[in-house]
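In the numbering used here, the protein residues as written are 2 to 636.
Virtual Cβ for every residue (Gly too), placed ideally from N, Cα, C.
This report concerns only the one structure given below.
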């Protein structure tokens, strides 16, 4: 009762359930009539990133069980001290599934009958991190609108946080979404797209054909992936009907919050008893039966770094000397967000153990908006990383994003790929030639570094050699790319001996390497006939063989002393002819039983002689298991 000339005070509580403005009308009915008051409020995004769970609609005897996550926006750990629900129908469960009614970390304020004694560590949230605290569960035992709230109190004191929950339980036939909304969470404008499924349950008594899905209003950042699908009935049967894709790169404006409703329209196909035909209900086959809201929060900006700060040369001296310093190398990071970013963690992959370490990092490290700072340093273990080439990923965690920075270890050197097998790796052997012959050898230089390398020069110093590029590729080699060359050597006339020189290679990053080439000269040469023996097709049990002949251009008789395969391969073997078939009889020997001095007979000058059979037998490797597909000795 308000006395004449008196006044009355009413408390109007505004509990923001969404970001943005809210307007409403407050009606006060009195004996003197009805009075209207306009109320207006603005809801701000919660710094703890909790959201109201409103608008969920579930079928009878089903359950609504979302997870409750809390973000700590403070620079100190946040301890949740108490948590309870206001309704007996809304239960609190641990993320593991254990159900409790309420929880408090203060034993003086908790009841032994309704509070579980729990470890405080799951409810102690480190700075700028998110943790799942509880799972809320509401079971739809009766068809009604269920309203409740969950209250959280923290070590910061004050009234705490209030999380409203509204769930409609219905027994009416229809489609029901398995979640109250599609929440994409907080995303960066430069982040890759995210996908969420729309899953539904059906309370119809017959299968339902979902025929279309569409957005309530066009949105360039949102895409619906849909194809007609049949939903079988049953409150416990979840069926995916569509995929909603949110692409931050296609967001046309810079607003921070995006919301909307994808609507699902369907045709109902009713199954009658077998004696009746199926019909399509007309008139209601394009009506809207389900609307699922979506929400996404965008942050415009990124954490970027200076690329050279995370590139280490493991083959040179400059980077190695710098990395051996105890302080390591600073890694500057630029904050292009419109707010201060706190770097909370820096992680190297397990593959970097012993090679790299993070030093000088003291979390949380603050980087003001638009500024650059070096919150940590990278130190290279020069002895362990010498000659290593790798691409590692350094994860920098902050309250805005988890940035993945590439860390490159490279030597700047190129890998030699000779055109034919060589007796010594890393060198070029052009074989033995006659004194008046010119010989050539193809080889390639491959970039096995994790970053592009430019060839500054590839040259030879001797006037007896010539080097030319064999392909039309560019001078800059990307990772895995190669450059082909041809080395041609003309030995001096009447010279008998060995020619040794180097191919000099220099790249843009200052790395130099040399490849030795060797050429032997004699008054003759042995040439296989044919020059490239081609074996016929074979298979395990039927070796592929062909005769091999050798032509000698030496002016005197010659004894062959050794025959070998490069690279060694047990599937290749050589069957010798009887030495009498050559020139001078000896015992019947094979490559497996003869010494090198008596392996072959003598070859006559300037003649071609057949020395034996070249064979390829795959059964030398797989034995009797060639066609089994697995080892017969395994279990």
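If the criterion is Cβ atoms closer than 8 Å, does the pair residue 468 and residue 460 meet it?
Less than 8 Å separates the beta-carbon of residue 468 from that of residue 460.
The beta strand (DSSP E) spanning residue 68 covers which residue range?
That run of the beta strand (DSSP E) goes 68–72.
Look at the alpha carbon of residue 395 and the alpha carbon of residue 420, and state the distance between them as a whole number of angstroms.
Counting only the Cα atoms, residue 420 lies some 39 Å from residue 395.
Drop a sphere of 10 angstroms on the beta-carbon of residue 548, count the other beta-carbons inside from all chains shown, and report buried for 16 or more, exposed for fewer.
Result: exposed.
Close-in-space but distant-in-sequence residues of the same chain around residue 556 (CB under 6 Å, 5 per side omitted):
These residues qualify, in order along the chain: 606.
Whose C-beta lies closer than 7 Å to the C-beta of residue 620 among residues of the same chain, with five residues either side of it excluded?
So the list reads 541, 542, 627, once near-sequence residues are dropped.
What does the Cβ neighbour count give for residue 625, buried or exposed, with the cut at 16 atoms within 10 Å?
Within a 10 Å sphere around the beta-carbon of residue 625 sit fewer than 16 other beta-carbons, which makes this residue exposed.
On the three-state DSSP scale, how would you describe residue 249?
Note: residue 249 maps to helix in three-state DSSP.
Please state whether the Cβ-Cβ distance between residue 391 and residue 453 is less than 8 Å.
Not closer than 8 Å, so no.
Helix, strand or coil for residue 623? Go by DSSP, reduced to three states.
In the three-state reduction of the DSSP assignment, residue 623 falls in the helix class.
Coarse secondary structure for residue 385, derived from DSSP in three states
If DSSP states are grouped into helix, strand and coil, residue 385 belongs with the helices.
Residue range of the unbroken beta strand (DSSP E) whose run includes residue 62
Bounds of any beta strand (DSSP E) do not take in residue 62, whose DSSP letter is neither H nor E.
Buried versus exposed call for residue 1 [16 or more other C-beta atoms within 10 Å across all chains shown]:
Any question about residue 1 goes unanswered here, given that the chain covers just 2 to 636.
Among 50, 138, 62, 393, nearest to residue 93 - alpha-carbon criterion
For residue 93, the nearest C-alpha among the options comes from 138.
Same chain only: Cβ atoms within 6 Å of residue 131, ignoring 5 sequence neighbours per side:
Excluding five sequence positions before and after residue 131, the CB atoms of its chain that fall closer than 6 Å to its own CB belong to 70, 72, given in chain order.
Tell me whether residue 321 sits in a helix, a strand or coil according to DSSP, three-state version.
The predicted model places residue 321 with a pLDDT of 46, which falls under 50 and marks its position as unreliable; any figure quoted below should be read in that light. It is helical.
Less than 8 Å between the beta carbons of residue 519 and residue 499, yes or no?
Taking 8 Å as the cut-off, the beta carbon of residue 519 is found closer than this to the beta carbon of residue 499.
Same chain only: Cβ atoms within 8 Å of residue 352, ignoring 5 sequence neighbours per side:
Within the same chain, 391, 393 come within 8 Å of residue 352 by CB-CB distance, once the 5 residues on both sides are set aside.
Grab me the residues of residue 339's own chain with a C-beta within less than 6 Å of its C-beta, minus the 5 sequence neighbours each way, in chain order.
Close CB contacts of residue 339 within its chain, under the 6 Å cut and outside five residues either way in sequence, are with 370 (chain order).
Does the separation of the CB atoms of residue 87 and residue 150 fall below 8 Å?
In this structure, residue 150 lies closer than 8 Å to residue 87 by Cβ.
Compare the C-alpha of residue 575 against each of 554, 560, 603, 611 and name the closest.
Relative to the Cα of residue 575, the nearest Cα in the group 554, 560, 603, 611 belongs to 611.
Residue burial classification, residue 464 (beta-carbon count within 10 angstroms, cutoff 16):
Counting the other Cβ atoms within 10 Å of the Cβ of residue 464 gives fewer than 16, which makes it exposed.
On a CA-only basis, which of 423, 171, 622, 38 is nearest residue 544? Give me that one, please.
From the listed residues 423, 171, 622, 38, the smallest Cα separation to residue 544 is found for 622.
Looking only at DSSP bridge pairs, what is residue 391 linked to?
Residue 391 is bridged by DSSP to 410.
Pair within 8 Å by beta-carbon distance, residue 243 and residue 225
Between residue 243 and residue 225, the gap from beta carbon to beta carbon is short of 8 Å.
Residues sharing a beta bridge with residue 552, DSSP:
Answer is 528, 609, bridged to residue 552.
With a CB to CB cut of under 6 Å and the five nearest residues on each side skipped, what residues in its chain are close to residue 285?
Below a pLDDT of 50, predicted positions are generally treated as unreliable, and residue 285, at 34, falls in that range; the measurement from the model is reported next regardless. No residues qualify anywhere along the chain.
Given a cut-off of 8 Å on the beta-carbon distance, is the pair residue 553 and residue 608 in contact?
A contact, by the Cβ cut-off of 8 Å.
Just to confirm the assignment, what range does the beta strand (DSSP E) spanning residue 177 have?
Looking at the DSSP string, the run of the beta strand (DSSP E) that includes residue 177 is 176–178.
Nearest to residue 79 by alpha carbon, out of 155, 66, 613?
The shortest C-alpha separation from residue 79 is found at 155.
What residues are listed by DSSP as bridge partners for residue 24?
Residue pairing by DSSP puts residue 24 in a beta bridge opposite 41.
Any contact between the region 158–175 and the region 192–201? By contact I mean 3 or more CB pairs, one from each, below 8 Å.
Cβ pair count under 8 Å is below three, so no.
Residue interval of the beta strand (DSSP E) (run including residue 309)
First-last for residue 309: undefined, no H or E at that position.
CA-CA distance, residue 476 and residue 389?
In a straight line, the C-alpha of residue 476 is about 24 Å away from that of residue 389.
Residue 366 versus residue 336 - alpha carbon distance
Cα-Cα distance, rounded: 12 Å.
Between the C-alpha atoms of residue 9 and residue 29, what's the straight-line distance to the nearest angstrom?
Taking the CA atoms as reference points, residue 9 sits about 12 Å from residue 29.
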